[in-house]
Amino acid sequence: MFLFFLCLNLNSKNEYSNYKDPIWADAAGYYVYLPATFIYGWEPGAMPLDWPQKLGHGFEIDQGTGMLSTKYSVGVAIMELPFFLVAHGFALLNGNADGYSSEYHIGLWMAGIFYLLMGLVFLKKYLVKRYDLKFVFVTLFFLLAGTNLYYYALNSSGMSHIYSFFLFSLMLWLADLLVDNFKLKYLLLFAFACSLCIVVRPTSLIYIVFLFFLKPTLFRIIIAELIRKPVLIVIVLLIAVLPLIPQFIYWRYSSGNLLHYSYEEEGFDYLLNPQILKFWFSTKNGLFVITPMFVFALIGVFMMRKKNRLDSAKFIVLFLVFSYIFSAWHCWFYGCSYGSRNLVEYIVPFSIPFCLFVQQTFRSRFSSLRYLALTLAAVFVFINLKMIYKYDDCFHGDVWDWEAYYKLIF
């Protein structure tokens with residue numbers, strides 16, 4: 020209830036039918052599968068023709084044929100589905116079942132809160148096996164209140180990131196279970212989660228590959244089980260393909276092909292010239308400028324070197340690959356975002372070195388170090404929450420506009 024109150028309070032400044040609308044632009048493109056399927060039946064011309072303009076052109080409706088098209092994948096809509104159906108039931112009772120009334124917005128808010136809580140639960144289950152419970156709770160608090168996870172769970176739950184955050188946490192927990200105590204149900208759930216994660220956000224493949232590098236035993240165990248019981252290969256593939264089926268059906272409907280690159284001319288234009296410094300330090304959604312709390316995770320990565328140099332190197336590689344790939348996108352600041360929104364789901368793996376930093380700092384015999392770290396963390400939380408509650412859902416300054424940035428804080 021407390022999170023719902025925070026969500027309601029944060030969204031009280033939002034408006035409908037402009038860029039402050041939770042169902043706007045990208046979010047509308049993810050969401051549109053649901054009203055198109057359950058209200059308008061994908062019938063040409065059934066959906067109001069003014070909706071694309073009304074919802075920020077997250078999808079388009081051909082004025083001639085009335086056919087709907089969206090470049091965004093179907094994974095987010097799959098995860099929003101239970102909350103949409105409940106909202107749709109209330110909307111039918113209230114006579115507002117158009118797919119866009121307030122009931123559906125509240126449904127999205129509840130989805131964000133649910134996946135945030137479940138993501139934190141699975142992350143806690145993983146971390147508590149490695150660190151003291153009190154330090155795990157401190158870590159989870161700072162990662163929620165001090166990063167853009169708060170914003171994308173409670174203010175922009177129509178975007179893909181809170182769903183990816185949940186799936187990343189679930190996959191990390193399942194990978195641990197498979198290594199410690201292999202069971203078929205864990206493997207099938209892991210295969211389904213990996214597939215759904217890619218349908219939610221295709222670049223999540225980076226994280227899936229990282230999981231197998233982080234836990235090389237996981238790969239050996241899965242391969243050994245598949246060789247020992249070949250029938251499992253068929254079962255795992257069938258489970259993994261389930262989240263892909265709706266995407267294949269939609270691509271067939273929209274393009275005539277089962278496989279289709281829907282972003283067309285948009286892509287990674289900066290592969291040969293990644294905008295890494297801007298991606299890290301620009302006032303326009305720069306990672307460390309908007310989310311300085313992440314610095315503690317990187318300090319934890321280097322602390323990790325004392326006990327496990329290989330794992331430390333793995334996290335360094337993940338951070339560099341993450342930075343390279345996402346800074347190479349044609350719009351490296353990702354439009355109307357709050358900070359580097361790609362970071363939200365990657366908070367999950369980096370919570371491991373972050374928690375290490377917290378535990379070792381609080382256990383340090385140097386009390387001044389503890390007080391310094393706690394003071395900085397409190398300042399970072401203050402800056403983050405102050406900016407979020409003043410944020411206009413878009414940073415309207417330039418790439419290095421420090422004056423506009425300071426106005427968000429002071």
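When the letters of the sequence shown are read in order and numbered with this note's numbering, they come out as residues 20 to 429. Idealized CB from N, CA, C, for every residue including glycine.
Annotation: the continuous alpha helix (DSSP H) that includes C374 extends over L362 to F381. Taking the CA atoms as reference points, F57 sits about 43 Å from A243.
Taking C-beta atoms as the reference points, I371 and L168 fail to come closer than 7 Å. Where P265 is concerned, the enclosing alpha helix (DSSP H) starts and stops at L263 to S274. Remark: C-beta atoms of G165 and F399 approach each other more closely than 7 Å. CA-to-CA, the gap between L162 and I42 works out to about 25 Å.
With contact defined as three or more Cβ pairs closer than 8 Å, the region 245–257 and the region 285–294 are not in contact.
For Q72, the enclosing alpha helix (DSSP H) stretches over residues W70 to K73. The residue among L257, L375, Y170 and N174 with its C-alpha nearest the C-alpha of C213 is L257. DSSP places L278 outside both helix and strand once states are collapsed to three, so it counts as coil. Annotation for K202: no alpha helix (DSSP H) segment contains it, and DSSP assigns it neither H nor E.
Inclusion of L87 and A55 in the CB contact set at 7 Å is warranted, their separation being smaller than that value.
In the structure shown, S92 adopts coil according to DSSP, grouped into three states.
S92 and V218 do touch by the CB rule: their CB atoms are close to 5 Å apart, below 8 Å. Taking 7 Å as the cut-off, the Cβ atoms of F298 and W351 count as close.
Apart from sequence neighbours up to five positions away, the residues of its chain that approach I335 with a beta-carbon distance below 8 Å are V320, ordered along the chain. Per DSSP, W421 is one residue of the alpha helix (DSSP H) stretching across W421 to I428.
Annotation for M322: the continuous alpha helix (DSSP H) segment containing it runs F313 to M322.
Annotation for W270: N276, L277, L278, H279 and S281 place their beta carbon closer than 8 Å to its own, counting only its chain and skipping 5 residues before and after.
Contact between the region 197–215 and the region 62–74 is absent: fewer than three C-beta pairs spanning the two stretches fall below 8 Å. CA-to-CA, the gap between M129 and Y182 works out to about 12 Å. Look at L290 here: in three-state DSSP terms it is coil, with no helix or strand label. Residue nearest to L136 within the set F315, S188, R384 and F369 is S188 (criterion: CA-CA distance).
Contact check for M190 and A46: beta-carbon distance about 24 Å, past the 8 Å limit, so the pair fails to qualify. Closest by C-alpha distance to G77, out of K90, K148, F414 and S383, is K90. For T236, the enclosing alpha helix (DSSP H) covers residues P235 to R247. Rounded to the nearest angstrom, the gap between the Cα atoms of A316 and F338 is 10 Å. Taking C-alpha positions only, I402 is separated from I428 by approximately 6 Å.
Taking a contact to require three or more Cβ pairs closer than 8 Å, the region 248–268 and the region 375–388 do not qualify as touching.
The Cβ atoms of C374 and L146 sit closer than 7 Å to each other.
The beta carbons of Y289 and Y357 sit about 22 Å from each other, so the pair does not count as a contact at 8 Å. Here F184 is actually not in contact with G126; their C-beta atoms are around 19 Å apart, not less than 8 Å.
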